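>
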Amino acid sequence: MSSSSSCVIAEAPLSSRRRQLLLALAAWPLAVAASPAEDPTGGLRRWGSGEFRRFGFLIYEATLWAGEDPLRPPLALKLTYKRNLAGAAIAEASVKEIRNLGLADDATLKRWGEQMARLFPDVRNGDAIVGHYQPGGARFLYNDRLLGSIDEAAFARAFFAIWLDARTSAPELRAALLKGGGG
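Mapping of the sequence shown onto the working numbering: residues 2 to 184, in sequence order.
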């Protein structure tokens with residue numbers, strides 16, 4: 002009798018532990034889903050938005066958030082993609098635009114291209130990448146989750162010049178982004 006009761010006593014705590022473990026495992030996805038996403042705007046004011054098209058096809062929608070001056074950090078630029086694109090292609094296009102603006106030498110462009118190719122994920126229709134231009138570098142979010150950063154002021158200036166420099170290859174988009182504090 003004592004051995005059978007000791008088995009019951011030994012099983013009760015184990016059963017209770019199993020129950021607790023199962024409850025914890027069942028609740029874990031809810032806790033992860035409820036973890037706060039990072040604020041993609043960094044608390045900045047919305048300045049403007051527009052569309053980027055190539056050969057008539059909508060590639061992405063862009064929205065700019067900034068403080069008092071939309072051409073100086075801090076600012077955030079959100080690109081919501083309307084097509085599936087490889088991260089390497091996004092990096093390559095970025096290097097091409099920076100090269101066309103004459104903002105870096107070939108060795109620097111190669112290094113930046115490699116950093117962006119490692120950082121930027123493949124995107125699908127509806128995905129968003131937000132770039133934060135901060136003094137000293139740029140930080141990137143993918144669907145409101147931190148991707149990483151490139152901590153180099155020259156990179157950040159050159160990268161955001163793709164959209165904000167007066168010599169951009171997309172002057173209509175630049176005008177829409179800079180239309181001023183509302184939009």
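Where a beta carbon is used, it is the ideal one built from N, C-alpha and C, also for glycine.
All values reported here derive from a predicted model rather than from experimental measurement.
Alpha carbons only, please: which of Gln135, Thr169 and Phe141 is nearest the one belonging to Asp70?
Residue Gln135 is the option with its Cα nearest to Asp70.
> Between which two residues does the alpha helix (DSSP H) holding Thr109 run?
Note, Thr109: alpha helix (DSSP H), Asp107 to Leu120.
> Tell me whether the beta-carbon of Ile163 lies closer than 8 Å to the beta-carbon of Ile60.
Cβ distance not < 8 Å, so Ile163 and Ile60 don't count as in contact.
> Looking only at DSSP bridge pairs, what is Thr64 linked to?
Its beta-bridge partners are Ser50 and Lys79.
> For Gly51, count neighbouring Cβ atoms within 10 angstroms of its own Cβ and tell me buried if that reaches 16, exposed if not.
The residue is buried, with at least 16 neighbouring Cβ atoms inside 10 Å.
> Could you tell me the distance, in whole angstroms, from the CA atom of Asp128 to the CA atom of Tyr82?
Computed Cα separation, rounded: 6 Å.
> Counting pairs of beta carbons, one from the segment 132–147 and one from the segment 102–112, are three or more of them closer than 8 Å?
Too few Cβ pairs lie closer than 8 Å, so no.
> Can you round the beta-carbon distance between Ala139 and Phe160 to whole angstroms, since I take them to be within the 8 Å contact cut?
The Cβ separation is near 6 Å, so the contact holds.
> Mapping DSSP to helix, strand and coil, what is Phe56?
Three-state result, Phe56: coil.
> What residues match up with Phe141 in a beta bridge as DSSP calls it?
Partner(s): Gly132 and Gly149.
> Return helix, strand or coil for Leu178, following the three-state DSSP convention.
Helix, per DSSP.
> Among Asp152, Thr169, Val131 and Asp123, which residue has its Cα nearest to the Cα of Leu86?
The option with the nearest alpha carbon to Leu86 is Asp123.
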